[in-house]
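One structure is given below, encoded as C-alpha cells.
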Amino acid sequence: IQDTFRGRISMDESKIFLGGILDVMPQLIKARRIIIVACGTSWHAGLVGEYLFEQYARIPVEVEYASEFRYRDPILEKDDLVIAISQSGETADTLAAIRKVRETDATILGICNVAGSSISRETDAGVYTHAGIEIGVASTKAFTSQITVLTMMALLLGSKRQALSASEYKHLIKELIQVPKKIEEILKEEHKIAEIAAVYKDVSNALYMGRGLLFPVALEGALKLKEISYIHAEGYPAAEMKHGPIALIDENMPVLALAANDESYEKMVSNIQEVKARKGKVIAVVTKGDKIIRKMADHIIEIPDCHEAVSPLLAVIPLQILSYHIALMRGCNVDQPRNLAKSVTV
Ligand code: F1P
Numbered sequence: 265i266q267d268t269f270r271g272r273i274s275m276d277e278s279k280i281f282l283g284g285i286l287d288v289m290p291q292l293i294k295a296r297r298i299i300i301v302a303c304g305t306s307w308h309a310g311l312v313g314e315y316l317f318e319q320y321a322r323i324p325v326e327v328e329y330a331s332e333f334r335y336r337d338p339i340l341e342k343d344d345l346v347i348a349i350s351q352s353g354e355t356a357d358t359l360a361a362i363r364k365v366r367e368t369d370a371t372i373l374g375i376c377n378v379a380g381s382s383i384s385r386e387t388d389a390g391v392y393t394h395a396g397i398e399i400g401v402a403s404t405k406a407f408t409s410q411i412t413v414l415t416m417m418a419l420l421l422g423s424k425r426q427a428l429s430a431s432e433y434k435h436l437i438k439e440l441i442q443v444p445k446k447i448e449e450i451l452k453e454e455h456k457i458a459e460i461a462a463v464y465k466d467v468s469n470a471l472y473m474g475r476g477l478l479f480p481v482a483l484e485g486a487l488k489l490k491e492i493s494y495i496h497a498e499g500y501p502a503a504e505m506k507h508g509p510i511a512l513i514d515e516n517m518p519v520l521a522l523a524a525n526d527e528s529y530e531k532m533v534s535n536i537q538e539v540k541a542r543k544g545k546v547i548a549v550v551t552k553g554d555k556i557i558r559k560m561a562d563h564i565i566e567i568p569d570c571h572e573a574v575s576p577l578l579a580v581i582p583l584q585i586l587s588y589h590i591a592l593m594r595g596c597n598v599d600q601p602r603n604l605a606k607s608v609t610v
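If you're matching positions, the sequence shown starts at 265 in the UniProt record's numbering and goes up one per residue.
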C-alpha cells in the first residue's frame, strides 16, 4: 500500500501530476462526495480544500474533525472519497477515523508529510507533501504544502471531470507556479510585520476574520497565535462577527482582517468600519495597491495580487510570521510550545 504513495508530484505550465493517486484515479473521477478528516492545522487545510473541490471540481465536500468522526456512525458508500490529512501521519484520532472508514466501501486517500507513516500505510493511496521535516511543533510549512496538494488535486479532478475548461485549468496552474515567487516578496516585508508584532505583543486576546477561502486562513492565523504565543485568539467568518464576537471589541482588541481582492472586498470594508466604530485596532492583510482599507486600518500588511484559488497560500504567511515575532518577543519557545506534541498519538 505504501507504494501507492510512491508517485512524484509535479506540475508544468499545462499539467499537474500526482503520481500517488494514479492507481485510484477512476474512483476519484467518479467520486460522488468527498469527506475530509483531520485535526488541528490539517483540519484548517481541509476547510480550504472544501472550497477548492466544490468550486473547481464541483464535488460536494464535508470536512470533519477526525477527533469526532471516530465516534460517529458514518454513512459512507462506494463512490464516497475520504481524504485524511496529517502532517505526522501518526495522529491517533485521524488513524481512528481512517479505521472507521475502512469498515465501509469508501476509498481513502492520505495526505501526509512523513514517508512510511501509519496513515500512509492504512490508506488506499495518497500524496506525500514533501515538506521536509518540520522542526517546530506547530505546523506551518505542512499547512502550505497540504493546501498546495489540495489545490493541485482540485484542479486535476476539475479538469478530468470537465468542470474546468482547458484554458481555465492552464491559467490556474500558472497561478500556482507563481506562488513561491510571491511568497518571497512577502518575506522581504518581514521587518514591517515584526514592527506590528511589537505593538501587540502584550495583548490578551485577538480576533481574526476572513470570508470564503480566507475564512480557514483566519482560523489558522488564530491557532498559530494561540499555539506559540499563548494569546487567546479566535477566527470567525467575517459576517459572523455581528452574531456575537463584536461584543468583545474595545480599544484593547486587535482584529486581523483578511481582505480578499474580489466582490467580497466591500463587505470587509463594512466589517472594518464596525470594528473601528467600537475603537478596536485593525491589522488588515490586503492586496498590494489597496486604497480604501489602507485609510481605515491601524496597520496594513500587503500581499501580491493573485487568483483567489491561491490566496490562502499567500495570506497565511504574514499571519505565521506575526505569531512567530509575537512569540519571540514574549520569550516563548516557538519550536517547542508548552503542552503540545508534534504527533498526538494518544
Ligand atoms: C495535528 C496537530 C497539528 C498541531 C500540533 C498538534 O497534527 O493538531 O496541526 O500543529 O502539532 O497536532 P497532524 O495530524 O497534522 O500531524
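Every residue gets a Cβ at the ideal spot worked out from N, C-alpha and C, and that includes glycine. These figures come from a predicted structure and were not determined experimentally.
In chain order, what are the residue ranges of uninterrupted beta strand (DSSP E) at least 3 long that sit wholly in the segment 445-518?
The segment 445-518 contains these whole beta strand (DSSP E) runs: 469-474 and 496-501.
Would the segment 467-487 count as touching the segment 446-457 if we require 3 or more Cβ pairs under 8 Å?
As far as the Cβ criterion goes, the segment 467-487 does not touch the segment 446-457, which means the pair count is below three.
Hey, which residues come within less than 7 Å of the ligand F1P, measuring from Cβ to any heavy atom, in chain order?
Counting every residue whose Cβ lies closer than 7 Å to a heavy atom of the ligand F1P, we get 302, 303, 304, 305, 306, 349, 350, 351, 352, 353, 354, 355, 358, 401, 402, 403, 406, 491, 604, 605, 606, 607 and 608.
Roughly how many whole angstroms lie between the Cα atoms of residue 422 and residue 349?
The straight-line gap from Cα to Cα measures roughly 20 Å.
Is the Cβ-Cβ distance between residue 284 and residue 390 less than 8 Å?
Result yes, Cβ atoms of residue 284 and residue 390 sit closer than 8 Å.
Just the C-alpha distance for residue 444 and residue 409, rounded to the nearest angstrom, thanks.
Across the structure, residue 444 and residue 409 are spaced so that their CA atoms are roughly 11 Å apart.
Since residue 435 is in the alpha helix (DSSP H), which residue starts that stretch and which ends it?
Annotation: the continuous alpha helix (DSSP H) that includes residue 435 extends over 430-441.
DSSP three-state label for residue 388, please.
In the three-state DSSP reduction, residue 388 falls in the coil class, being neither helix nor strand.
To the nearest angstrom, report how far apart residue 298 and residue 274 are at their CA atoms.
Cα to Cα, the separation comes out at about 23 Å.
Below 8 Å on the Cβ atoms is my contact criterion, and I expect residue 372 with residue 365 to pass it. Report the Cβ-Cβ distance as a whole number of Å.
With a contact defined as Cβ atoms closer than 8 Å, residue 372 and residue 365 qualify at about 5 Å.
With 16 other Cβ atoms within 10 Å as the buried cut-off, status of residue 535:
Buried.
Classify residue 335: buried if its beta carbon has 16 or more other beta carbons within 10 angstroms, exposed otherwise.
Under a 10 Å Cβ-count criterion, residue 335 is classified as exposed, with fewer than 16 other Cβ atoms of the shown protein chains found around its own Cβ.
Is residue 609 helix, strand or coil when you go by DSSP?
Three-state DSSP puts residue 609 in coil, outside helix and strand.
With C-beta atoms as the reference, is residue 604 less than 8 Å away from residue 402?
Contact: yes.
Which residue wins for smallest C-alpha separation from residue 282, given the options 352, 331, 374 and 500?
If we check each option's Cα against that of residue 282, 374 comes out closest.
Grab me the residues of residue 418's own chain with a C-beta within less than 6 Å of its C-beta, minus the 5 sequence neighbours each way, in chain order.
Cβ-Cβ distances below 6 Å link residue 418 to 316, 317, 320 and 321 in the same chain, with the five nearest sequence neighbours on each side left out; the list follows chain order.
Within its chain, find whatever has a CB closer than 7 Å to the CB of residue 266; leave out the 5 residues flanking it on each side and keep chain order.
In this prediction, residue 266 scores a pLDDT of 41, lower than 50, which makes its location untrustworthy; no coordinate-derived value is stated.
Can you look up residue 287 in the DSSP assignment and give me helix, strand or coil?
DSSP places residue 287 in helix when its eight states are reduced to three.
Does the distance from the CB of residue 486 to the CB of residue 504 come in under 8 Å?
One thing to note: residue 486 has its Cβ no nearer than 8 Å to the Cβ of residue 504.
CB contact flag (residue 522, residue 579, <8 Å):
When the beta-carbon positions are compared, residue 522 and residue 579 come within less than 8 Å of each other.
So what's residue 265 in DSSP terms, helix, strand or just coil?
Because the pLDDT of residue 265 is 36, which lies under 50, any placement of that residue in the model is unreliable, and the number read from its coordinates should be weighed accordingly. Three-state result, residue 265: coil.
DSSP beta-bridge partners of residue 545
Answer by DSSP bridge pairing, in chain order: 518.
May I ask you to report which of helix, strand or coil DSSP gives residue 562?
The answer is coil: DSSP assigns residue 562 none of H, G, I, E or B.
To the nearest angstrom, how far is the alpha carbon of residue 595 from that of residue 587?
Straight across, the Cα-Cα distance linking residue 595 with residue 587 is about 12 Å.
Output the residue ranges of the alpha helix (DSSP H) runs that lie fully inside the segment 278-337 and measure 4 residues or longer, sorted by chain position.
Those alpha helix (DSSP H) runs which fall completely within the segment 278-337 and span 4+ residues are 289-293, 304-316 and 330-333.
Counting C-beta neighbours from all protein chains within 10 Å, is the total for residue 272 16 or more, i.e. buried, or is it exposed?
Under this definition residue 272 is an exposed residue.
What distance in whole Å lies between the Cβ atoms of residue 328 and residue 288, which are believed to be in contact at a cut-off of 8 Å?
Not really, about 20 Å apart at Cβ, beyond 8 Å.
Residue range of the beta strand (DSSP E) that residue 365 falls in?
Run containing residue 365: none in the beta strand (DSSP E); it sits in the alpha helix (DSSP H), 356-366.
Buried or exposed for residue 462, going by 16 or more other Cβ atoms inside 10 Å?
So residue 462 ends up on the exposed side.
Measuring alpha carbon to alpha carbon, tell me which residue in 369, 414, 395 and 279 is nearest residue 308.
If we check each option's Cα against that of residue 308, 414 comes out closest.
In its own chain, which residues sit with a C-beta less than 6 Å from the C-beta of residue 340, not counting the 5 before and 5 after it?
Excluding its 5 nearest sequence neighbours in each direction, residue 340 has C-beta neighbours in its own chain below 6 Å: 368 and 370, listed in chain order.
According to DSSP, what are the bridge partners of residue 570?
Answer is none; residue 570 lacks a bridge partner.
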